[in-house]
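Colleague: If you use numbering that gives the first Met the number 0, the sequence shown corresponds to residues 0 to 229, in order. Backbone N, C-alpha and C fix where the C-beta goes; we use that ideal spot for every residue, glycine too.
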Amino acid sequence: MTDTAWWQVYRSMDGIEVFAIGLSPDAALEGYALGLLSQPERTRYRRFLVEDARQQFLLARGALRLLLSKRLNRVPAAISFATEAYGKPYAIVDDVPAPVSFNISHSGDDGLIALTGSRSVGIDLERRRPQVDLDGVAARVFGARERAVLSGLTGRKKLDLFYQLWTCKEALIKAKGTGFSYDPTRFEVPDTILAGGSSARFGFPDDDTQHWMLEDLGSDTYAAALAYQP
Ligand SMILES: CC(C)(COP(=O)(O)OP(=O)(O)OC[C@H]1O[C@@H](n2cnc3c(N)ncnc32)[C@H](O)[C@@H]1OP(=O)(O)O)[C@@H](O)C(=O)NCCC(=O)NCCS
0 MTDTAWWQVY RSMDGIEVFA IGLSPDAALE GYALGLLSQP ERTRYRRFLV EDARQQFLLA
60 RGALRLLLSK RLNRVPAAIS FATEAYGKPY AIVDDVPAPV SFNISHSGDD GLIALTGSRS
120 VGIDLERRRP QVDLDGVAAR VFGARERAVL SGLTGRKKLD LFYQLWTCKE ALIKAKGTGF
180 SYDPTRFEVP DTILAGGSSA RFGFPDDDTQ HWMLEDLGSD TYAAALAYQP
């Protein structure tokens, strides 16, 4: 057992709590987290071929279980997970979907978990890696306006905008639940974000019935964004 939480509140807005999780190697925390996992999760844990990915999955899933347990007032073992059509996980308690919505993202030693009631949420976090061919990747995943603004920048500004756009778009497709099956070139972030803003209302071009709020959550350490149903 441990009383140490390896997460802390990162941001809180509009009824949504965002927790920052530390995913650095820690044998004591990892042992504790392993004890929280269900049998299918332990099987998945053992199947990771890369040690870092295995250990980061363990600490992220352990933190998620403890946060859900506290919110639902149930022991971690009472919670199981199922997935939507494109892989977005949700929590099950007493054989029915639990009244909680969450999404998780991790990159390197950092993770973020967004938690709220029944509204859909999506979160993404990426370490900014300068060695990436920014314009080459942008050609495959960004829209025309996004690529045009990016191509006019150089150096740190270009790197920052690339990862801001990437995390905003990924948070939106994670909120929607489609993941990569929704072509990210089919939609563009709102002008407010392209002009340097950190918050905007958004609608997918093929769905005018549902709107989303988009929040930039980036820090000096990483780029991050949250999308949620207002
Ligand atoms: C899972 C996915 C949605 C994100 O993958 P990723 O960036 O490598 O990983 P992240 O750390 O941000 O998120 C992983 C978590 O997302 C959740 N997730 C999985 N599928 C999901 C989906 N369809 N929708 C929302 N969340 C999903 C899971 O909880 C997963 O964590 P877990 O495996 O520990 O349970 C990926 O399948 C995907 O489609 N990525 C899109 C990549 C892309 O083209 N981005 C373009 C941005 S311009």
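Quick check: is any heavy atom of ligand 2 less than 7 Å from the C-beta of Pro39?
Modeller: This structure simply doesn't include ligand 2; it includes ligand 1 instead.
Colleague: Mapping the DSSP letters down to three states, classify Met0 as helix, strand or coil.
Modeller: Summary for Met0: the model assigns pLDDT 48, below 50, so the residue's position carries little reliability, and this model does not support an answer.
Colleague: Near Met0, what residues of its chain come up, given a Cβ to Cβ distance below 6 Å and the 5 sequence neighbours on each side ignored?
Modeller: Bear in mind that the predicted position of Met0 carries a pLDDT of just 48, short of 50, making it unreliable; the figure below should be weighed with that in mind. Once the five neighbours on either side are set aside, Met0 has no close Cβ partner at all.
Colleague: For the beta strand (DSSP E) that Arg155 lies in, which residues bound it at each end?
Modeller: It is not in any beta strand (DSSP E) - Arg155 instead sits in the alpha helix (DSSP H) that spans 154-175.
Colleague: Does the Cβ of Gly86 lie closer than 7 Å to at least one heavy atom of ligand 1?
Modeller: yes
Colleague: Could you pull the start and end residues of the alpha helix (DSSP H) that Phe56 belongs to?
Modeller: Counted as a single uninterrupted DSSP element, the alpha helix (DSSP H) harbouring Phe56 occupies residues 50-71.
Colleague: For Gly142, which residues in the same chain have their Cβ closer than 6 Å to its Cβ, ignoring the five residues on either side in sequence?
Modeller: Hits under 6 Å: Thr184, Glu187.
Colleague: For ligand 1, any of its heavy atoms closer than 7 Å to the Cβ of Glu50?
Modeller: Checking the Cβ of Glu50 against ligand 1 gives no.
Colleague: Which residue or residues does DSSP assign as beta-bridge partners of Asp215?
Modeller: Ala224
Colleague: Sorted by chain position, which residues of the same chain lie with C-beta nearer than 6 Å to Lys168's C-beta, five sequence neighbours on each side aside?
Modeller: Pro183
Colleague: Taking only the alpha-carbon atoms, compute the straight-line gap between Gln54 and Pro39 and give it to the nearest angstrom.
Modeller: C-alpha of Gln54 to C-alpha of Pro39: approximately 16 Å in a straight line.
Colleague: Tell me which same chain residues have a C-beta within less than 6 Å of the C-beta of Gln228, skipping the five on either side of it?
Modeller: If we look at Gln228 and ignore the five residues flanking it on each side, its Cβ neighbours are Arg118, Ser119.
Colleague: Taking the Cβ atom as the reference point for each residue, do Arg10 and Leu216 lie within a distance shorter than 8 Å?
Modeller: yes
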